[in-house]
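A.B. asks:
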């Protein structure tokens, strides 16, 4: 059975086409360099450390992102002045949400006012990276965050049991006609939870999704090499990358930690 990290990153990748930040509250920046392992990015440096400058293409439009595990998440909105559902700890005067999970590792993800910024010229960036590798100054397994989603605020909940539940109470703007579980202005606080693994509630400034680029090769090995945990890149060294195999390396998107 998948754990919460694997389930979360797999589901969000399938839905949005981006790698999901794990742990979800970890802050990242464009140009961060790291290792991608089981869809978990571990930062080791930044392009600034290699004196590589880049321009950013900023997203002019903001979008709300909403995802929940199919058939596994129930969200009940509780408005102020309305009777509380049976068994809820929320009072009649309270406003908030009741979120119930029907499966272990079920996910609720909602991000408000997200913008996807990216590094403008990744062709030039790739040339710089390949040259650094040929000079013996770059780890061929490193990847770079070249696209990054930043949310004004977001709520991310993951259960760890088949009957996970959390109740959130709004501390401000409780008379608002429309409640948004991801909106920080409502100042939600957890007043009850059980069977929960991850609770990030209306947190601001998260970078929940990203894409990376790194060194890849046009040479393919038989599947048995993958079964042994080997890739074609394992056959390369900075010296071979300068010689006959120079044109067999290129810089492109890396979707996971398994590369040719």
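Residue numbers (UniProt numbering): 1 to 260. Here a beta-carbon is modelled for each residue, glycine too, at the ideal position from N, C-alpha and C.
If you run the structure through DSSP and keep just helix, strand and coil, what is residue 128?
C.D. replies: Note: residue 128 maps to helix in three-state DSSP.
A.B. asks: Look at the alpha carbon of residue 152 and the alpha carbon of residue 130, and state the distance between them as a whole number of angstroms.
C.D. replies: Approximately 35 Å, taken between the alpha carbons.
A.B. asks: Assuming residue 15 is part of the alpha helix (DSSP H), what are its boundary residues?
C.D. replies: Unbroken alpha helix (DSSP H) run through residue 15: 4-16.
A.B. asks: Helix, strand or coil for residue 134? Go by DSSP, reduced to three states.
C.D. replies: Helix at residue 134.
A.B. asks: With residue 239 as the anchor, note down where its alpha helix (DSSP H) starts and where it stops.
C.D. replies: Segment 238-242, the alpha helix (DSSP H) holding residue 239.
A.B. asks: Is the Cβ-Cβ distance between residue 81 and residue 90 less than 9 Å?
C.D. replies: No, the Cβ-Cβ distance between residue 81 and residue 90 is not below 9 Å.
A.B. asks: Could you tell me whether the segment 175-182 touches the segment 237-253, using the rule of 3 or more Cβ pairs below 8 Å?
C.D. replies: They do not touch, by the three-pair rule.
A.B. asks: Checking 9 Å against the spacing of the C-beta atoms, do residue 55 and residue 119 come in under that value?
C.D. replies: Yes, these two residues count as a Cβ contact at 9 Å.
A.B. asks: On the premise that residue 183 lies in contact with residue 202, defined as a C-beta separation below 8 Å, what is that separation, rounded to the nearest angstrom?
C.D. replies: Going by Cβ atoms, the distance from residue 202 to residue 183 rounds to 6 Å, so yes, they are a contact pair.
A.B. asks: Does residue 90 come out as helix, strand or coil in the three-state DSSP assignment?
C.D. replies: Coil.
A.B. asks: Where does residue 184 fall in DSSP's three states?
C.D. replies: Residue state, collapsed to three classes: helix.
A.B. asks: According to DSSP, what are the bridge partners of residue 177?
C.D. replies: Paired residue(s): none; residue 177 is not in a bridge.
A.B. asks: Measuring alpha carbon to alpha carbon, tell me which residue in 116, 145, 105 and 78 is nearest residue 167.
C.D. replies: Measuring from the Cα of residue 167, the nearest candidate turns out to be 78.
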